[in-house]
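Student: This is the structure I have questions about; it appears just below.
Numbering (the working numbering), first residue to last: 643 to 775.
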């Protein structure tokens with residue numbers, strides 16, 4: 643479920659002026675992140691669903707309930723992406739914000755860079771970040 647806002651957003655505010663980036667661009671960047679989370683959670687849902695449906699698995703009611711929690715998580719992430727995708731284009735274009743201070747609080751450097759508009763291509767590994775895949 644990827645709308646127009648889930649395309650690469652970082653180039654929209656590469657050179658943030660002191661007056662800030664358009665809030666709509668920041669909202670679109672958040673929508674893109676939420677959309678990626680929804681896709682990842684959906685993949686996990688299919689994986690977990692396969693395990694839960696295995697006829698040889700000893701699935702407990704609690705495990706089935708956790709599978710339902712994962713389904714609800716996917717649905718909520720997709721709903722947030724839809725909302726943010728729709729909200730971005732109707733935000734007043736003159737409204738601006740500097741997202742860099744908020745992004746500095748994000749521990750994952752690539753996510754912080756995408757949200758702050760810093761661009762991801764020139765990412766240098768940050769001590770403490772861990773990418774296994």
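We treat Cβ as the ideally placed atom computed from N, Cα and C, and that holds for glycine.
Less than 8 angstroms separating the beta-carbons of residue 680 and residue 712?
Tutor: On the chain shown, position 38 is the one that residue 680 refers to. On the chain shown, position 70 is the one that residue 712 refers to. No. Outside cutoff.
Student: By Cβ distance, which residues of its chain are closer than 8 angstroms to residue 738, with the 5 residues on each side in sequence left out?
Tutor: What you label residue 738 is simply residue 96 of the chain shown in a count that begins at 1. These residues qualify, in order along the chain: 661, 662, 663, 664 and 665.
Student: Indicate the three-state DSSP secondary structure (helix, strand or coil) for residue 701 in the structure shown.
Tutor: Locating residue 701 in the chain shown gives position 59, counting from the first residue. Here residue 701 sits in coil by DSSP.
Student: Ends of the alpha helix (DSSP H) at residue 751?
Tutor: Numbered from 1 along the chain shown, position 109 holds the residue referred to as residue 751. Where residue 751 is concerned, the enclosing alpha helix (DSSP H) stretches over 751-758.
Student: If contacts are defined as beta-carbon pairs under 8 angstroms, then residue 673 and residue 727 qualify, I think. What distance do you get, rounded to the angstrom?
Tutor: For the purposes of this step, residue 673 is identified with residue 31 of the chain shown, where counting begins at 1. For the purposes of this step, residue 727 is identified with residue 85 of the chain shown, where counting begins at 1. Yes, residue 673 and residue 727 are in contact; Cβ-Cβ is about 5 angstroms, under 8 angstroms.
Student: Do you know offhand how far residue 752's Cα is from residue 675's?
Tutor: Start at 1 with the first residue of the chain shown, and residue 752 comes out as number 110. Start at 1 with the first residue of the chain shown, and residue 675 comes out as number 33. Residue 752 and residue 675: Cα-Cα distance of roughly 11 angstroms.
Student: Evaluate residue 756 with the Cβ neighbour count: other Cβ atoms within 10 Å of its Cβ, from every protein chain shown; 16 or more gives buried, anything less gives exposed.
Tutor: Here residue 756 is taken as the residue at index 114 of the chain shown, counted from 1. Buried.
Student: For residue 730, does the count of other Cβ atoms within 10 angstroms reach 16, so buried, or fall short, so exposed?
Tutor: Stepping through the chain shown from its first residue, residue 730 is reached at position 88. That one is buried.
Student: Once DSSP output is grouped into helix, strand and coil, what is the label at residue 662?
Tutor: As a position in the chain shown, residue 662 is number 20, starting the count at 1. Residue 662: coil per DSSP, three-state reduction.
Student: By alpha-carbon positions, which one of 695, 678 and 667 ends up nearest to residue 721?
Tutor: Position 79 of the chain shown, counted from the first residue, corresponds to residue 721. Among 695, 678 and 667, the Cα nearest to that of residue 721 belongs to 678.
Student: What does DSSP give as the partner residues of residue 738 in its beta bridges?
Tutor: As a first step, residue 738 must be located in the chain shown, where it is residue number 96. Note: residue 738 sits in a beta bridge opposite 664.
Student: At the level of alpha carbons, what is the spacing between residue 714 and residue 707?
Tutor: Counting from 1 along the chain shown, the entry for residue 714 is found at position 72. Counting from 1 along the chain shown, the entry for residue 707 is found at position 65. Cα-Cα distance, rounded: 11 angstroms.
Student: Tell me which same chain residues have a C-beta within less than 6 angstroms of the C-beta of residue 733, skipping the five on either side of it?
Tutor: Taking the chain shown and counting its residues from 1, the one referred to as residue 733 is at position 91. Closer than 6 angstroms at Cβ, skipping near neighbours: 665 and 666.
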